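Inspection log for the structure reproduced underneath, given as structure tokens.
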Amino acid sequence: MTLEMKKAETAKMIEENRAQAGIFTLLGRTLEYEADEAFLELLRTTLREPLAEAGVELPDDLLHGPSAEVLEHLAVEFTGLFVAPGAISPYASVFETGAMAQEPSSRVNHWYTEAGFEFRRMLSGEFPDHVGTMLGFVAALYSAEADCLERGDDVAAEETKVRRERFLLEEVGGWVPGWCRIAASVAGHPFYERMLDLTGRVLWEELSMIAPPRRLRELSDLNARRPARLESSPEFRKASGL
Amino acid sequence: MNKHFPVSRRGFLKLGGSTAAIAGSLGATRLHAMEQDQGGKDFSPVTGKERQAVPYTCMVCNIEDGGIAYIEDGRIVKLEGNPDHPGNRGKLCAKGNSGFLHVYDPDRIMTPLLRTGKRGESKWKRISYDEATTILASKLREVIDRSIKENDPAIRNEIVFKWGRNRTGGAVHRFMHAMGSNAMVNHTNICESSKKVGLEPSWGPDIESCDWTNTKYALVFGANVLETAYFHNPNAQRLVDGVVGNKAKLVYFDPRMGNTAALADEWFAPYPGTDGAIALAIAQVIMNEKLYDDAFIRTWTNVTPEQLIEHLKPYTPEFAEKESGVPAKDIRRIAREFATTKPATTFSYRGPAKHVYGSYQEAAIHMLNVITGNVEKKGGYCLPRGMNFNQPSPKPPAAKVPSALGAPPQYPLASHAVSTHMPYQIMKGEEKVAVYMTYYDNPVYTYPSSHVWDALLKDEKLIPFYCSFSPYMSETAELADLIIPDTTYLERNDPESMPSDLRPWLGIRQQVIKPLGGTQEWRDTIIQTMHKVDPDGSLGMKQYFAFKNGEEWVRAQFDGIPGLKEDGGYDYLKKHGVWPKYGSVDPVTAKIVDKNGEEVQPEFGLHMKELSAADMDGATIADNGAIKKGGKTIGVRINGKNMAGFGTPSGKIELWKASYVKYGFNPLPVYKRLASRDKKPDELVLTTFKVNVHTQSRTASLKYLAELYHKNPAWINPKTAAARGIKDGDLIRVTSSVGYMVTRAHVTEGIHPDVVAISTACGHSAYGRLAQLKQKEKVAEWALGGDPDIDHNVWWDDKGVHPNSIIKLAVDPIGGSQGWYDTVITVTKAQAGDKYGDVKSSLEVSIKDYEETLRFAYTGDIHKANHKEVQIDWDHLPEPHVGAGH
Amino acid sequence: MFEYMNFHIAPWGWELSVYFFLIGTAGMAYALATAPVMFGGRFEALRPLQLPGLVLAFVIVLICGPLLIHDLGQPMRFLYPILYFHWTSPLSWGSLFLLMFAACVVLFWWFDRAGNTAPLKPLAIIGSLLGLSMPLYTGNDLMVQTTREVWATPWIPVLFVVLSVTSGAAALAVIGMIRKTDDADASKILHAVMLSGVATTLFLFLGLLLSFLYGSEEMQLGWHILNDQFAMQVWLLTLVVGILAPLALLVRPDIGRRPQILAVAGIASLIGAYAFREVILVAGQLPQLYY
Amino acid sequence: MPIGLQAEPSAGVAGKKRWAMVIDLRRCIGCMACVAACKAEYDVPLGVWRTIVKVKDTGQYPNTKRHFLPRLCNHCDNPPCVRNCPTEATYKHEEGYVLQRYERCIACRTCMAACPYNARHVLPNSRTRVKIGGVVDKCTFCEHRVSNNLVPACVQTCLGRSRIFGDLNDPNSEVHKLVGGMPTVTLKSEKGTKPQVYYIKPAQQIVNQIYSPPESYAAKSDAEAFYRHNKGRQFFGGVL
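Chains as they are written, first to last, in our numbering: chain A, 1 to 242; chain B, 1001 to 1886; chain C, 2001 to 2291; chain D, 3001 to 3240.
As structure tokens, this is what we get:
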């Protein structure tokens, strides 16, 4: 491979990583917080067409309504869907254990600290294992990879890539696509319904690229899982009194 | 053979043989078996690792037991009683054991919510605590500004704070007084206020503390001590110790057979609202048969035995039998037993008190202890012991203008107010509300005719702004404009003391874990709010909230407690949970013992404690012996001794209550026949009850408790049911004047034939998925974010039907208690089209009930007719004025 | 508080009664199928049923393995009873025997096909003994539950063996009729086996009836529950269909030996053998369900 | 030694421990604290119980009575469940506990069939915290606590001090004194199990009453709901 080719290849990879980072940032941002003025503006302008191409037709009221009203409306939908009691909890811990802030939450947080990030909440009631934050982490890893490539640090880039793929497979793949499906089915507003649907599709696409077919089938089963399956734990032995 | 001790080996053996047989009866040795420890440590059953232990004070119910929370990886996994706690002695009840489930429940409200749709439409927008307190502060500031502008301090009473459970150690009062509002509405009149008003004028405190352990005879009226009542856990432990350990006799009166009836030696089911008649008849027998304690009555009360004998004349056991259905011969026998068995005590709770005229019934029961001289004796009927803690200085002065909200002036004796009247006062335009705040309160579920509260809170004209501090979406919180969630009780700071033992204690509620997910305890919210109401301190309010956070506030409070500092102060409490440490709980006897195994005795005879010279300095002695200082009675002089006496104006027990007669009520305990006693033959009396595994409304979401008790069919006697063609489990319609409910019949031998009893523990229409069994209905919506255990293993399919909205408002004109057990109903088989869970009630009828119940108040027309025997100037009763007595 | 707040499931369900029934049938089918090899002589008449018998046994083993494994809460650990063999547990022995029995079935068929006759006789003997041990151990499974009085009787293994004997013969009779390999001598043998089996079952049924009625409180409660919830299984399926009907059909040898009659009697007795096991399994568990 | 056990019966054997519980029925007030404490201690899922208190009302108004009977594994000295286990997953400990090795259990439920006390259950796979499921579970006498010199969780929280725990072989222990000095009964001792949970002292008739199937609609409808819920689930024995 010539140097030129390699350079072109790298440039392509950088571009791709940046694009992926952009998508995941968008998805993470959508799920993590209510839309604000700036985000709405982006949706109406820059993001409108690409989103439409990705299958997300933005609803009319979002595109044309007075922005204060639209934002208020979206905030209410967001709260009803993800925050208020009885909502679809966006936390891995709740999904896995039924309780907030349990072990999965610490586990996910560990991923962040290992990669050099620190979780800081903006509002109360937020935990590191929020779907949006986790997608944001994927985005951050993509852009970190791009940065490494730009620096020419292939080793670090590879490390980041491995971390991202492992994170996706171990922490995200097993539940987020299924969660997106159910959340989309009860979303009151078409914007969230479509964005959740998009998130599910993007993730699945991503997972199909990095997971071998067998693992993918497993993930597919996991996402359909009900009831939650227990894996045997190494603590089995102790618990039996020996 | 040893010449000094000429006993043969044979002789030794013989001695050994005979002593072996009697070894048990030779008595104790200092050597004790190495028994297992009762608690104080905990280990994970899975990993075997020791768990971190943090003491706290429970608040699942109001008894405030001491506990230890066990933490694994920063998460609370288990709760246990604090073994150093003299009240609950290391044990928690089922509710206390399950309380940790509140903390991580995904149905908990974790961020302030601002309403966006119509009230009750469940449309919310999440906001930050900062935004939320800004909104609240601006609403409060509007009222304060208006008050300043119009120069009318009364306007500040439009800031209203209502609580159902206020364990803040005075923080609510500090908050409200700082803003100049007196509009604080409690919940006591749905709880036990007439008991308090029966007791307070009699001897000072609002409750008795029975020495169950050492008693020989316990006469209990309508207080299901072993399941609920006040001090469920501590009292139940001691009652069992008394009945089983000390062979005390337990006689129990309750129209329904609860677990206390199960342990009782004798259970009687009186007609609801007739406990007073029984108590008066018992008193009559004791007095007539000269079984009373003459010296005690003459020395320590403001009546003479002769006066009592005269007063009690009409209350013969035969009369009591006619009223209550309890046989006269049993009443006579019990009277004799009670008077001659020493020590003895009574205990009473909601059974007698929660009726119109419940205060009389309570006073009658109290009198039994007085005439038999069992007051403040070991094994008797004692004064409650608690510890005081003040708010840290500087303290805001009390607000200037009294508020009549929930404390109408027609009830001057109701020292614990009449909160049930609040919605009607507002609806009738008598009182105005600008900002309404609630704390641990769920009246839409817990109040009589609860639909009235629903109507009130939905009306934005009557309640322009409503802020709830609930961490759970209760039936009431659903109607709020703004929810600023408090933390659960395991993540907050409070000082605590409760008379749950005869040795006073002080406890701490502390943040066992940091408030989950950055939520904040209510104290923090209040500090922030007040800093925004008065940002520059110009209103003079900010100074009272110069704390960094809730913990600092509470620390300042503890710093003011004498004696605590020497033992290590706040940090001591953080480490041990309770102060002082009297000793340790003996695992075999449960007595609190010192290092040598001797019991640490509580102090008895508090009323006879002599006053010190310092106390007497500047005191004057009135004609009746009352020792007065600064306008208050601090003791009483008897036989030349200055003693502490009782908390009454005369320093003695006032069986004859001047305060009662002032408003035309009988100064001595009497029995007043209730309307429910005169029901038609086909009618029944509806009573409600709590169960041992649930509180009023907050525990239906705890899975362990919901599994144990999740539905509340109506208890009905087999004879009563048969007469109506009702079989066990039939769908029935229970109709009162307010409305009807459709539930199922629980045909049981454990209830009076004229009574139907429905538990208030079940039938939520809010409070998370489990309380409503939502996870069974809308799987898709509720499946995610659920405990897999709850999502898949909930096997019951009945959440019960709540009875409160068909219960009629009717309050005791003296103590202000809601007459929970005065509602007359009819019970029929369900009609065509009736569905299980149907409830219908009428707002109009409830408003009429309010008007009707006011007629019983001392200002009403029924009052005089019911008190013909009272000799006063009926034309010149005191004018009602707001704030009198409250 | 109401009187009950907790409930229990009955630990063993239909999977077990189906298994008991099938594996018993398989054991005896094997014994009959290999009888010509084992005894020769007049059992040679059964030779045409050898292959169907083996196939039946094999198919049943193929069904029973997964059925048993599915019934476990930890199916992946199905080999544990052998790995952690506990000699006082009939289940451990049963698992071992089941495996060995399956091996015998396969090996017998294999050697027979390969024309290697030398190992056939020992395999026939061992396999038949193992086959017999199938109903025996399933019966023991119940019998050793000493705290369940309905089960804790040595009659149970005997009953199960007798039921299996009938079932094995009945299954072969049905197959024989379908495949029209009817042979008067074979029918004679099957008839004799079935008749004696069903007749013994009748006596055992009556004996069990007596021990239910005259037994301990638990036995009587078991009987009460059976009559309450399982009356059809007890009276119709077990007694009428499973015992009396075949007995009536078989009692006269001249009629009973007709292949069709034999097959009908066989089907009836198979139904009865299943129902009887289910009845026993249920009756043994339910009296203590609310304990 | 009864065959098939891993440890010999230790009741009354000098030099050995024999943990036992005495339940003083006069002191049981049916508060259910033990049930909640046990569920919390082990994250016991809904629908199964390691310990429970049975309630029964008897008599006719106004002479109605209510009886409680706390129930848990009897930690038999001669446990029928242990002998039958095909994998030795359930075993008898030297000090008398009957314990379960989850890593060995295949959930064949033979032990459940063997236990005359219904003290065993299959753990559902859906649980909150502890990742052990699909195996048979039972009361362990809180072995992890007792070996750390603590009483079991149910004893710890027992309001009436109805549950008393200790070493039966220690002549100075409370349980030894109670078993020796009070009239006690054990449940179904005629089954030869040598149960080590002693009761002070229920009338036989009450014990029988408590064992009887639910009679009231309230309980029967719960039973129906329970069996309806379990229908079609694995391990459901097909009742109702």
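Quick reminder that beta carbons are idealized off the backbone N, C-alpha and C, glycines included. Keep in mind it's a predicted model, so treat the numbers as computed, not measured.
Determine, for residue i, whether the minimum Cβ-Cβ distance to residues of chain B falls below 9 Å.
| i | result |
| --- | --- |
| residue 3149 of chain D | yes |
| residue 29 of chain A | no |
| residue 3230 of chain D | yes |
| residue 89 of chain A | yes |
| residue 2143 of chain C | no |
Taking a contact to mean a Cβ-Cβ separation below 9 Å, would you say residue i touches residue j in this structure?
| i | j | result |
| --- | --- | --- |
| residue 2221 of chain C | residue 2010 of chain C | no |
| residue 1050 of chain B | residue 3148 of chain D | yes |
| residue 1800 of chain B | residue 3220 of chain D | no |
| residue 2062 of chain C | residue 2018 of chain C | no |
| residue 1361 of chain B | residue 1198 of chain B | yes |
| residue 244 of chain A | residue 1116 of chain B | The first residue shown for chain A is 1 and the last is 242, placing residue 244 of chain A beyond what the model contains. |
For residue i, decide whether its Cβ has a neighbour in chain C, counting only Cβ atoms nearer than 9 Å.
| i | result |
| --- | --- |
| residue 3226 of chain D | yes |
Quick one: residues in its chain with C-beta nearer than 8 Å to the C-beta of residue i, no 5 flanking neighbours on either side, listed in chain order?
| i | result |
| --- | --- |
| residue 3 of chain A | none |
| residue 215 of chain A | 169 |
Whose C-alpha, out of the options, is nearest the C-alpha of residue i?
| i | options | result |
| --- | --- | --- |
| residue 2212 of chain C | C:2283, C:2013 and C:2062 | C:2283 |
| residue 1391 of chain B | B:1554, B:1070 and B:1461 | B:1554 |
| residue 2158 of chain C | C:2118, C:2203 and C:2175 | C:2203 |
| residue 1493 of chain B | B:1047, B:1048, B:1055 and B:1038 | B:1055 |
| residue 1456 of chain B | B:1423, B:1434, B:1566 and B:1512 | B:1423 |
| residue 2273 of chain C | C:2015, C:2142, C:2020 and C:2012 | C:2020 |
| residue 1374 of chain B | B:1201, B:1300, B:1508 and B:1407 | B:1300 |
| residue 1587 of chain B | D:3176, D:3053, D:3151 and D:3111 | D:3151 |
| residue 1646 of chain B | B:1623, B:1610 and B:1675 | B:1610 |
| residue 1291 of chain B | B:1480, B:1408 and B:1372 | B:1372 |
| residue 2016 of chain C | C:2008, C:2030, C:2070 and C:2043 | C:2070 |
Near residue i, what residues of its chain come up, given a Cβ to Cβ distance below 6 Å and the 5 sequence neighbours on each side ignored?
| i | result |
| --- | --- |
| residue 1499 of chain B | 1209, 1384, 1385 and 1386 |
| residue 1807 of chain B | 1448 and 1823 |
| residue 223 of chain A | 177 and 178 |
| residue 1091 of chain B | 1081 |
| residue 1040 of chain B | 1083 |
| residue 1545 of chain B | 1527 and 1530 |
I'd like the list of long-range same chain contacts for residue i, defined as Cβ closer than 7 Å, with 5 residues on each side in sequence excluded.
| i | result |
| --- | --- |
| residue 1835 of chain B | 1742 |
| residue 1664 of chain B | 1858, 1863, 1864, 1867, 1870, 1872, 1874 and 1877 |
Can a CB atom of chain D be found closer than 9 Å to the CB of residue i?
| i | result |
| --- | --- |
| residue 2147 of chain C | yes |
Under 9 Å, Cβ to Cβ, is there at least one residue of chain A near residue i?
| i | result |
| --- | --- |
| residue 1113 of chain B | yes |
Cβ contact (3+ pairs, closer than 8 Å) linking the segment 1706 to 1715 of chain B and the segment 3016 to 3030 of chain D: no
Cβ contact (3+ pairs, closer than 8 Å) linking the segment 2038 to 2058 of chain C and the segment 3004 to 3019 of chain D: no
Any 3 or more C-beta pairs closer than 8 Å across the segment 1375 to 1382 of chain B and the segment 1213 to 1233 of chain B: yes
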